[in-house]
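Residue numbers (the numbering used here): 955 to 1251. Cβ coordinates follow ideal geometry from the N, Cα and C atoms, glycine included. Structure first, commentary second.
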Ligand code: HXC
Ligand code: NAP
């Protein structure tokens, strides 16, 4: 297992960081890593109960401060209200992690316009709303800051069967590169991480429905394994911390070189039959319904 303690204690002390979608999965892991290293962390999502449970659990576990805010980032005004509340709670943020996302596998021909919008409204629109709400404040206050967007390796080679996600994530890569230039003079840097498979409940329920064991899907990866959470967290800390601030506009893959070896994460799904796709959809829908029943916003 990777070493989760490669950074000195307190390396993020005094930093205030918002992680969208920080109540679960990779966002929760990064929240823990940042809090452990001294940051005050805000996490947002639509399920208040999950967020509060995560915030309380991580605060107790790390001895740090993790705060929960229910917010649907698809709603621009809700984002503006959340960011205003964070600023009012203790001043400017120093960092933002655009981590919230929606995704599911589907043949593109089976998607409705609403299905496309369901993904694009979270990933493409929502992440932009949060970046803008923070960025305009940083520029007005002459505050330097760091933005990390969690992308996927299909920003480089496409994402068959996940086209709305691939299109939206690629848009965020364009945002990262564009704003690195536009906001560089303001001391605001933007970078991105493109993880390969890091098993989480949210992703696996929608991308490998029915998989018996989340840990067994490393076959086909040049390293023969999936990612380990501390590896991802360490990269997210490195990108967020001071000390390498000349790095901006970059997207770093952490995938065991899978994208150099393959032709898109889900290209093998071309072999699925119509019956297989009906089954896949039933499984994804049941995961969606379970989460929806817990939403408070
Ligand atoms: C085709 C589908 C579908 C499916 C939903 N839809 N699931 N179409 N195949 N499997 C369609 C619906 O029929 C509907 O269209 C439209 O999408 C909206 O559906 P809702 O259920 O109303 O959507 P909503 O409540 O907005 O939920 C959004 C969601 C949901 C994206 C569908 O999954 C969600 O909230 N996800 C958040 C968490 C998540 O996805 N985590 C995974 C991230 S992993 P019609 O026309 O019928 O009304 C990731 C990358 C991992 O991003 C990379 C690994 C390598
Ligand atoms: P996850 O646990 O499902 O995380 C997604 C999070 O986004 C959830 O906490 C969800 O909370 C939140 N979210 C979704 N829609 C939202 C909205 N409208 N407003 C606010 N929050 C919203 O999945 P994950 O695997 O950790 O994924 C995290 C990030 O990593 C995503 O960007 C994903 O694309 C990326 N990624 C993951 C992998 C992987 O292997 N796991 C690989 C590559 C990239 P609510 O439902 O409560 O809103």
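Cα-Cα separation, residue i to residue j
{"i": "residue 1100", "j": "residue 1212", "result": "27 Å"}
{"i": "residue 1113", "j": "residue 1104", "result": "15 Å"}
{"i": "residue 1116", "j": "residue 1063", "result": "11 Å"}
{"i": "residue 1119", "j": "residue 1077", "result": "7 Å"}
{"i": "residue 1095", "j": "residue 1041", "result": "12 Å"}
{"i": "residue 1088", "j": "residue 1230", "result": "43 Å"}
{"i": "residue 1097", "j": "residue 1107", "result": "31 Å"}
{"i": "residue 1130", "j": "residue 1137", "result": "10 Å"}
{"i": "residue 1032", "j": "residue 1026", "result": "7 Å"}
{"i": "residue 1043", "j": "residue 1035", "result": "12 Å"}
{"i": "residue 1200", "j": "residue 1244", "result": "43 Å"}
{"i": "residue 1228", "j": "residue 1056", "result": "24 Å"}
{"i": "residue 1247", "j": "residue 1010", "result": "22 Å"}
{"i": "residue 1193", "j": "residue 1204", "result": "10 Å"}
{"i": "residue 938", "j": "residue 1022", "result": "There is simply no residue 938 to check, as the chain begins at 955 and stops at 1251 in what is shown."}
{"i": "residue 1067", "j": "residue 1132", "result": "28 Å"}
{"i": "residue 1236", "j": "residue 1197", "result": "48 Å"}
{"i": "residue 1018", "j": "residue 1240", "result": "35 Å"}
{"i": "residue 1090", "j": "residue 1013", "result": "29 Å"}
{"i": "residue 959", "j": "residue 1037", "result": "30 Å"}
{"i": "residue 1126", "j": "residue 1214", "result": "21 Å"}
Cβ pair residue i, residue j closer than 8 Å
{"i": "residue 1080", "j": "residue 1028", "result": "yes"}
{"i": "residue 1083", "j": "residue 1030", "result": "yes"}
{"i": "residue 1016", "j": "residue 983", "result": "no"}
{"i": "residue 971", "j": "residue 1053", "result": "no"}
{"i": "residue 1177", "j": "residue 1210", "result": "yes"}
{"i": "residue 1152", "j": "residue 1187", "result": "no"}
{"i": "residue 1020", "j": "residue 1039", "result": "no"}
{"i": "residue 1122", "j": "residue 1074", "result": "yes"}
{"i": "residue 1250", "j": "residue 1024", "result": "yes"}
{"i": "residue 1124", "j": "residue 1109", "result": "yes"}
{"i": "residue 1060", "j": "residue 1069", "result": "yes"}
{"i": "residue 1202", "j": "residue 1242", "result": "no"}
{"i": "residue 1195", "j": "residue 965", "result": "yes"}
{"i": "residue 1254", "j": "residue 1150", "result": "Outside the modelled stretch of the chain, which goes from 955 to 1251, sits residue 1254, for which no answer is possible."}
Backbone secondary structure at residue i - three-state DSSP
{"i": "residue 1019", "result": "strand"}
{"i": "residue 978", "result": "coil"}
{"i": "residue 1122", "result": "helix"}
{"i": "residue 1057", "result": "coil"}
{"i": "residue 1049", "result": "strand"}
{"i": "residue 1088", "result": "helix"}
{"i": "residue 1148", "result": "strand"}
{"i": "residue 967", "result": "coil"}
{"i": "residue 972", "result": "strand"}
{"i": "residue 1206", "result": "strand"}
{"i": "residue 1081", "result": "helix"}
{"i": "residue 988", "result": "helix"}
{"i": "residue 1240", "result": "helix"}
{"i": "residue 1249", "result": "coil"}
{"i": "residue 1008", "result": "helix"}
{"i": "residue 1040", "result": "helix"}
{"i": "residue 1027", "result": "coil"}
{"i": "residue 1143", "result": "strand"}
{"i": "residue 1166", "result": "Caution is warranted here: a pLDDT of 49 is assigned to residue 1166, below 50, making its placement in the model unreliable, and no coordinate value can be reported."}
{"i": "residue 1187", "result": "helix"}
{"i": "residue 1100", "result": "strand"}
{"i": "residue 1138", "result": "helix"}
{"i": "residue 961", "result": "coil"}
Close beta carbons around residue i, own chain, < 8 Å, minus the five adjacent residues each side
{"i": "residue 963", "result": "991, 992"}
{"i": "residue 1065", "result": "1117, 1118"}
{"i": "residue 967", "result": "991, 992, 993"}
{"i": "residue 1045", "result": "970"}
{"i": "residue 1001", "result": "977, 1024, 1245, 1248, 1249, 1250"}
{"i": "residue 1220", "result": "1059, 1113, 1114, 1115, 1116, 1161"}
Beta-carbon proximity list for residue i, same chain, < 6 Å, skipping 5 on both sides
{"i": "residue 1234", "result": "1163"}
{"i": "residue 1238", "result": "1058, 1160, 1163"}
{"i": "residue 981", "result": "973, 975, 1053"}
{"i": "residue 1223", "result": "1115"}
{"i": "residue 1216", "result": "none"}
Beta-carbon separation (whole angstroms), residue i vs residue j, contact threshold 8 Å
{"i": "residue 1148", "j": "residue 1206", "result": "7 Å"}
{"i": "residue 975", "j": "residue 1003", "result": "Not really, about 15 Å apart at Cβ, beyond 8 Å."}
{"i": "residue 1085", "j": "residue 1047", "result": "In fact, because the Cβ distance is near 11 Å, the residues do not count as touching under 8 Å."}
{"i": "residue 1154", "j": "residue 978", "result": "7 Å"}
{"i": "residue 1208", "j": "residue 1189", "result": "6 Å"}
{"i": "residue 1191", "j": "residue 961", "result": "6 Å"}
C-beta neighbour in chain C for residue i, strict 8 Å
{"i": "residue 1100", "result": "Protein chains in the displayed structure number just one, and chain C is not present."}
Any non-hydrogen atom of the ligand COA closer than 7 Å to residue i Cβ
{"i": "residue 1152", "result": "Within the structure as shown, the ligand COA is missing, the only ligands being the ligand HXC and the ligand NAP."}
Chain-order list of residues whose beta-carbon lies under 7 Å from that of residue i (same chain, five-residue window excluded)
{"i": "residue 1140", "result": "1092, 1093"}
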